[in-house]
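**Student:** The opening residue of the sequence shown carries number 306 in our numbering; numbering runs sequentially from there.
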Amino acid sequence: VEPTESESKQELDRFIEALQSIHSEIMEVKEGKADSLDNVLRNSPHTVEETAADNWEHSYGREKAAFPLRWVKENKFWPSVARVDDGYGDRNLICSCAPLEAYRKGETD
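#1: Looking at the unbroken alpha helix (DSSP H) that takes in Ser329, where does it start and where does it end?
#2: Mind checking Asn360: buried by the 16 CB within 10 Å criterion, or exposed?
#3: Ala387: which of Ala323, Glu330, Ser329 and Arg347 sits nearest, CA to CA?
#4: My output table needs one value for Glu362: the three-state DSSP class, helix, strand or coil.
#5: Suppose you measure from the CA of Leu324 to the CA of Glu354; what does that come to, to the nearest Å?
#6: Hey, could you find the ends of the alpha helix (DSSP H) Glu368 is sitting in?
#7: Give the single residue among Ser349, Phe382, Ala371 and Ser364 whose Cα lies nearest to the Cα of Ala357.
If you want it as structure tokens, here you go:
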């Protein structure tokens with residue numbers, strides 16, 4: 306988010322609220338109120354499958370995981386996957402498309 310005329314005040318306010326929420330979650334871990342290995346930040350994002358599953362083994366509630374802020378309930382984006390092995394997933398991308406040669410030859414569907 307750029308603090309310019311390109312974003313509305315409402316959007317900037319939501320961004321600030323999200324940053325404040327993240328800070329409070331960090332402080333919960335720092336102060337020992339949240340488990341350092343099993344907390345909302347460490348396990349985010351939470352997929353709909355994980356949140357709706359019968360088995361919930363986290364030390365925090367499903368609502369905190371799925372809807373950390375009030376406005377998220379009305380505007381929730383459900384990620385299709387949780388974290389992809391942190392940096393490993395960023396460095397080792399897998400493309401599921403046809404090879405470039407197939408596009409050059411017009412062999413794709």
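Glycine residues also receive a C-beta, built at the ideal position from the N, C-alpha and C atoms.
Predicted model only: the values in this text are computed from it and were never measured.
**Tutor:** Straight from the coordinates:
#1: Lys314 to Lys335
#2: exposed
#3: Arg347
#4: coil
#5: 26 Å
#6: Arg367 to Ala371
#7: Ala371
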